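Enquirer: Before we start, here is the structure in question, set down as structure tokens.
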Amino acid sequence: MNVGILIISDRGSRGEYEDKSAPLIKEKLNSETNWAITHTQIVPDELDIIVETLIRWCDEGVNLLLTSGGTGFSPRDITPEATKKVIEREAPGLAEAVRMDSLKITKHAMLSRAVAGIRQQTLIINMPGNPKAVRENLEFLLPVLPHALDLLVDAQDSEQQHRSV
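If you want our numbering, it's the position in the sequence shown, counting the first as 1, plus 375.
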């Protein structure tokens, strides 16, 4: 599986602070999966840039695209809106389950507007920008992601083979 990690942060994209979410995601995935992290980037909270990056990465064969940042109530938090422009099918159970699990830790989890969905053979999941929350989200998600990705990739491969026969 190919993985992309997209950090959405105005300050991070300008180099005003050191991003800690991407290294954390890489560490967690490297220790618990054999997936290849093929794409990593920090972009500002700009709708067109986020949408373009998500589409390009999907077209380039990323199977799991994890975003971090831009999921809250701030006027610049637009990651869910960008994601909704890109996905073809929603996967609401993932975002709902993460929120439910996170509510056990903090009531602020109910402020998350994160979404998850599918574009072609790519599963896109929004996560918060806070590294602690990213770690908690990943710990909760990782046990189900291999099965989800196998279903997504195998189903797409089977459909393509069926069309070519």
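Built from N, CA and C at the ideal position, the CB exists for glycine as well. Only a predicted model underlies this, so the values are computations on that prediction, with no experimental measurement involved.
Assign D385 to one of three DSSP states: helix, strand, or coil.
Expert: Note: D385 maps to helix in three-state DSSP.
Enquirer: Note down, in chain order, each residue of its chain lying with its Cβ closer than 7 Å to the Cβ of L399, except the 5 sequence neighbours on either side.
Expert: These residues qualify, in order along the chain: P506, V509 and R510.
Enquirer: Which stretch, first to last residue, makes up the beta strand (DSSP E) that contains S406?
Expert: First-last for S406: S396 to E407, but that is the alpha helix (DSSP H), not the beta strand (DSSP E).
Enquirer: Quick check: the stretch 436–456 against the stretch 472–481, are at least 3 beta-carbon pairs closer than 8 Å?
Expert: No: fewer than three Cβ pairs fall under 8 Å.
Enquirer: Which full runs of the beta strand (DSSP E) of 3+ residues lie inside the stretch 442–527, going along the chain?
Expert: Fully enclosed beta strand (DSSP E) runs of 3 or longer: 491–494 and 497–502.
Enquirer: Would you kindly work out how many angstroms separate the C-alpha atoms of T446 and D529, rounded to a whole number?
Expert: Each residue's Cα considered, the two are about 30 Å apart.
Enquirer: Just verifying my parser: in three-state terms, what is the DSSP assignment at V378?
Expert: In this structure, V378 counts as strand in the three-state DSSP scheme.
Enquirer: What number of angstroms, rounded off, separates the C-alpha of H537 from the C-alpha of A457?
Expert: Since pLDDT at H537 reaches only 40, below the 50 mark, its modelled position is unreliable, and the value read off the structure follows with that caveat. Their backbone Cα atoms lie some 32 Å apart in a straight line.
Enquirer: Bridge partners for V426 per DSSP, in chain order?
Expert: For V426, which the question treats as bridged, DSSP gives no partner whatsoever.
Enquirer: Based on the DSSP output, what are the partners of V418 in its beta bridges?
Expert: Partner(s): I383.
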